[in-house]
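Visitor:
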Amino acid sequence: MPSSARAGSVHSSKGAFMANNYYEATGVLVLDRVTPVIQALFGAFALDESHPGNGQAYIAQIAETTNPQWPDVLDGLEDLATQLGIPMPDDEGLSIPPLLELLAVHFRADEDEELGNLIDRHSFEDTADLDALFLIATRFDDGHHLTAIQFEGCWYCSKPRLFEFGGNGCYLSREVRFISSSSQALQLGDQLRKTIVAADIEEASALIALETINLLAGVSDEPFRMNLRRRVAERLAQTPTISVT
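The sequence shown begins at 394 in the numbering used here and counts up by one.
#1: What separation, rounded to the nearest whole angstrom, lies between the Cα atoms of residue 497 and residue 533?
#2: Rounded to the nearest angstrom, how far is the Cβ of residue 449 from that of residue 430, given a contact under 8 Å?
#3: How is the alpha helix (DSSP H) around residue 493 delimited, first residue to last?
#4: Within 10 angstroms of its Cβ, does residue 491 collect 16 or more other Cβ (buried), or is it exposed?
#5: How should residue 417 be labelled, buried or exposed, when 16 other C-beta atoms within 10 angstroms of its C-beta is the threshold for buried?
#6: For the stretch 407-433, which segments carrying the beta strand (DSSP E) assignment without a break, of at least 3 residues, lie completely within its bounds, in sequence order?
#7: Count the other CB atoms, across all protein chains shown, that sit within 10 Å of the CB of residue 458; report buried if there are 16 or more and exposed otherwise.
#8: Among the residues of its own chain, which have a CB less than 6 Å from the CB of residue 495, if the five just before and after it don't count?
#9: Determine whether the beta carbon atoms of residue 470 and residue 489 lie at a separation below 8 Å.
#10: I believe residue 425 touches residue 536 by the beta-carbon criterion, under 8 Å. Please report the beta-carbon distance rounded to the nearest angstrom.
#11: Please state if the CB of residue 544 and the CB of residue 562 are separated by a distance shorter than 8 Å.
#12: Determine the burial state of residue 609: buried for a count of at least 16 other Cβ atoms within 10 Å of its Cβ, exposed for fewer.
#13: If the criterion is Cβ atoms closer than 8 Å, does the pair residue 525 and residue 538 meet it?
#14: Would you mind stating whether residue 541 and residue 437 have Cβ atoms separated by less than 8 Å?
#15: Per DSSP, what are the beta-bridge partners of residue 571 in this structure?
#16: With a threshold of 16 other CB atoms inside 10 Å of the CB of residue 627, please say whether the residue is buried or exposed.
#17: Nearest to residue 565 by CA position, among 589, 584 and 612, is which residue?
#18: Taking only three categories from DSSP, how would you classify residue 582?
#19: Return helix, strand or coil for residue 558, following the three-state DSSP convention.
#20: Could you compute how far the alpha carbon of residue 428 sits from the alpha carbon of residue 445?
#21: Output needed for residue 462: all residues of its chain with C-beta closer than 7 Å, excluding positions within five of it in sequence on either side, in chain order.
#22: From residue 415 to residue 580, what does the alpha carbon distance come to, in whole angstroms?
#23: Taking the alpha-carbon positions, what's the residue 598 to residue 633 distance?
#24: Go to residue 441, then tell me how far its beta strand (DSSP E) extends in each direction, as first and last residue.
#25: Starting from residue 351, trace the alpha helix (DSSP H) both ways and give me its first and last residue.
So, in structure tokens, the structure goes:
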């Protein structure tokens, strides 16, 4: 899942007082139907194809009960390869990269550059991340036609400690990738206030520009992104500032 999310539960202490920290999230896969590929990749996320329905399938990450790991995905991919009749090496220690390479040949995605980079560079350790799973799913399309993932989560503490509660959300698709968290809002607000108090117009404008650039970076189509950037600049120059109430 996105790196901004926190996995499972963490036990922490401050002085003599113990506390537990948790991360939980729910979301949906936006797709035509749940297929063997979707089951293999997202089955460990408490996948429910019947809820909420209408082209959406439920997924979740629940502390201490549903914390999908890459070994879970490996099990699913091995089952998928068996279902597809793909010859498997006798080596019992088969890892995710060579298994993905075998599946890529079956789905005619063995020359896909993004998938190749993922296989070469990803560690495939610990919590399974939705970014990687989405990319794999879109290259291994067996009729699911996954178009987007919407996932929203929260982290919380068993004791009411300062800044140990928050939330995040992510939207993943081929066209747009956007991830944000409550911590980012606090950080940006504090930074922007300091620049305004200091009457530092250069730094304040740099902060706003950086936020806009980061948002635009989530648009995958480069020509469209460049045109969008120019149009946003034009609109900012033309539109009066509206106070937020």
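Note that CB positions come from ideal geometry on N, CA and C, so glycine has one too.
Guide: The structure says:
#1: Position 104 of the sequence shown, counted from the first residue, corresponds to residue 497. Position 140 of the sequence shown, counted from the first residue, corresponds to residue 533. Whole-angstrom Cα-Cα distance: 7 Å.
#2: The residue you call residue 449 lines up with position 56 of the sequence shown. The residue you call residue 430 lines up with position 37 of the sequence shown. Contact flag wrong, Cβ pair sits at about 17 Å.
#3: If you number the sequence shown from 1, residue 493 lands on position 100. Its alpha helix (DSSP H) spans residues 489-499.
#4: Position 98 of the sequence shown, counting from 1, holds the residue named residue 491. Looking at its Cβ environment, which holds fewer than 16 other Cβ atoms inside 10 Å, residue 491 is exposed.
#5: Translated into positions along the sequence shown, residue 417 becomes position 24. By the neighbour-count rule (16 or more Cβ atoms within 10 Å), residue 417 is buried.
#6: 410-423
#7: For the purposes of this step, residue 458 is taken as residue 65 along the sequence shown, with counting starting at 1. Burial call: exposed.
#8: Here residue 495 refers to the residue found at position 102 of the sequence shown. Closer than 6 Å at the Cβ level, and outside the excluded window around residue 495, lie 479.
#9: In the sequence shown, counting from the first residue as 1, residue 470 sits at position 77. In the sequence shown, counting from the first residue as 1, residue 489 sits at position 96. In this structure, residue 489 lies closer than 8 Å to residue 470 by Cβ.
#10: Here the question's residue 425 lines up with position 32 in the sequence shown. Here the question's residue 536 lines up with position 143 in the sequence shown. With 8 Å as the limit, residue 425 and residue 536 qualify as a contact, their Cβ atoms being about 7 Å apart.
#11: Reading the sequence shown from its first residue, position 169 is the one you call residue 562. Reading the sequence shown from its first residue, position 151 is the one you call residue 544. A contact, by the Cβ cut-off of 8 Å.
#12: Along the sequence shown, read from residue 1 onward, the residue named residue 609 stands at position 216. Exposed is the call here.
#13: Taking the sequence shown and counting its residues from 1, one reaches residue 525 at position 132. Taking the sequence shown and counting its residues from 1, one reaches residue 538 at position 145. Residue 525 is not a Cβ neighbour of residue 538, given a cutoff of 8 Å.
#14: Working through the sequence shown from its first residue, we reach residue 541 at position 148. Working through the sequence shown from its first residue, we reach residue 437 at position 44. For residue 541 and residue 437, no; Cβs fall outside 8 Å.
#15: Start at 1 with the first residue of the sequence shown, and residue 571 comes out as number 178. 564.
#16: Within the sequence shown, numbered from 1, the residue matching residue 627 stands at position 234. So residue 627 ends up on the exposed side.
#17: Within the sequence shown, residue 565 is the residue found at index 172, counting from 1. It is 612.
#18: In the sequence shown, residue 582 corresponds to position 189, counting from 1. Three-state result, residue 582: helix.
#19: Within the sequence shown, numbered from 1, the residue matching residue 558 stands at position 165. Residue 558 falls in the coil class under three-state DSSP.
#20: The residue labelled residue 428 in the question sits at position 35 within the sequence shown. The residue labelled residue 445 in the question sits at position 52 within the sequence shown. Their backbone Cα atoms lie some 17 Å apart in a straight line.
#21: Taking the first residue of the sequence shown as 1, we reach residue 462 at position 69. So the qualifying residues of the chain are 519, 520 and 521.
#22: Along the sequence shown, one-based indexing puts residue 415 at 22. Along the sequence shown, one-based indexing puts residue 580 at 187. Between residue 415 and residue 580, the C-alpha separation is close to 22 Å.
#23: To locate residue 598, count along the sequence shown from 1; it is residue 205. To locate residue 633, count along the sequence shown from 1; it is residue 240. For residue 598 and residue 633, the distance between alpha carbons rounds to 16 Å.
#24: By one-based count along the sequence shown, residue 441 stands at place 48. Under the DSSP assignment, residue 441 falls in the beta strand (DSSP E) whose first and last residues are 441-445.
#25: The first residue shown for the chain is 394 and the last is 638, placing residue 351 beyond what the model contains.
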